[in-house]
Amino acid sequence: MRVALTIAGSDPSGGAGIQADLKTFHQFGVYGEAVITLLTVQNTRRVDRVEFVPCELVLEQLNAVLEDIPPHAAKSGALGSAEVVRALARAAAGFRFPLVVDPILMSKHGQPLTAGEAVDAIRAELLPHAALVTPNVPEAEALSGIAISGPEELRRAAERIREQGARAVLIKGGHREGPATDVLLDGVEWREFPAPRLEARHTHGTGCTYSAAITAGLARGCALADAIARAKQFIHEAIRTAPGLGHGCGPLNHHAGSA
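Using this note's numbering, read the sequence shown as starting at -1 and increasing by one per residue.
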């Protein structure tokens, strides 16, 4: 049994965070573990409250997992405080498995999930330990300091983020016009992962689910590009067949079938 770990926040409505990650891990046939970094009060319409888990408790969770059931791959999502980011970076220096960093800064509803100073900590301390970082366009702009208006700026932003230490950078195309094409820079070549754009209302947890699917692929021993390609197919179907739950931006279909 292959094992994947998520280090992220909790979404009680089940569409994002550790709940989405664990569903996705299960769908890809890997055993899922979770370290909780923050608690939210949210549903498909709004986020009412965010409480960061104390750094000491996050580390105790992580150490307990690593001691007993070490994963074959891990991902981080919303980390909350700069203190937690720095602590995870110190721990990641000793990881013997790939870490996928999904640099979640805001919720789908616009609520900050990462303290302002934590962005600098992600850039300076966590990215050097990332096998892959998966920002959307606003996150890539925040990490790189480059305003992305087209393909040229997007590639410059990917290069800037990789210069900060990440071994590979995948900038997602969901916030751009046209096809939903994700662009990967792995240090050797550029690769694109296109998909038709879906006019979808229910997209809550898309980034969490996508990065979890990639992490599951890596845990199963897939090469990075193969893991991304399979995750891209999965996320497209999960959005296309979203069940329509909730009265706002609802969750995906996490049972859409693994690639």
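Just so you know, even glycine gets a beta-carbon here, dropped at the ideal spot from N, CA and C.
Rounded to a whole number of angstroms, what is the C-alpha to C-alpha distance between residue i and residue j?
i, j, result
"R195", "A178", "5 Å"
"P249", "A225", "22 Å"
"A2", "E150", "34 Å"
"G15", "D9", "6 Å"
"L130", "G246", "31 Å"
"E187", "A166", "10 Å"
"A169", "A145", "Note that residue 169 is Ile in the sequence shown, not Ala. Rounded to the nearest angstrom, the two C-alpha atoms are 13 Å apart."
"A18", "T4", "10 Å"
"V39", "V48", "7 Å"
"G114", "K73", "21 Å"
"R174", "S147", "9 Å"
"P101", "A254", "25 Å"
"L60", "G219", "22 Å"
"V33", "V56", "7 Å"
"R121", "L64", "24 Å"
"T204", "A76", "13 Å"
"A80", "K21", "28 Å"
"L152", "R228", "23 Å"
"H234", "P68", "30 Å"
"A89", "E123", "11 Å"
"A211", "F23", "7 Å"
"G30", "R0", "9 Å"
"V135", "A156", "10 Å"
"G163", "P133", "15 Å"
"L182", "S142", "15 Å"
"L37", "R160", "30 Å"
"Q109", "G244", "19 Å"
"V28", "R154", "35 Å"
Which residues mark the beginning and the end of the beta strand (DSSP E) in which residue i is found?
i, result
"V45", "V45 to F50"
"I5", "V1 to S8"
"T262", "What the structure shows of the chain is the stretch from -1 to 257, and residue 262 is not part of that stretch, so it cannot be assessed."
"E54", "E54 -> not in any beta strand (DSSP E); alpha helix (DSSP H) instead, spanning C53 to D66."
"E175", "Where E175 is concerned, there is no enclosing beta strand (DSSP E), given that its DSSP letter is neither H nor E."
"V39", "Y29 to Q40"
"L168", "V167 to I169"
Could you please give me the residues that DSSP links to residue i through a beta bridge?
i, result
"F93", "None; F93 has no bridge partner."
"E190", "V181"
"P249", "H202"
For the alpha helix (DSSP H) holding residue i, just list the boundary residues, first then last.
i, result
"F23", "G15 to Q25"
"K230", "L222 to R238"
"L152", "P149 to E161"
Since residue i contacts residue j with CB under 8 Å, what's their CB separation in whole angstroms?
i, j, result
"A214", "F95", "About 13 Å separates the two Cβ atoms, so there is no contact after all."
"A85", "C53", "5 Å"
"D184", "L222", "6 Å"
"T42", "G13", "7 Å"
"H200", "G242", "6 Å"
"H70", "A217", "4 Å"
"D180", "K106", "The Cβ separation is near 18 Å, so there is no contact."
"S209", "V83", "Not confirmed; about 16 Å, so no contact."
"F50", "G78", "4 Å"
"A193", "A240", "Not really, about 15 Å apart at Cβ, beyond 8 Å."
"L103", "A140", "6 Å"
Please decide whether residue i counts as near chain B, where near means a Cβ-Cβ distance under 8 Å.
i, result
"M(-1)", "This model lacks chain B altogether; it includes just one protein chain."
Exercise for the section: May I have a chain-ordered list of the beta strand (DSSP E) segments no shorter than 3 residues that lie completely inside the segment 68 to 145? Expected result: With a minimum length of 3 residues, the continuous beta strand (DSSP E) runs that stay inside the segment 68 to 145 are 71 to 74 and 97 to 99.
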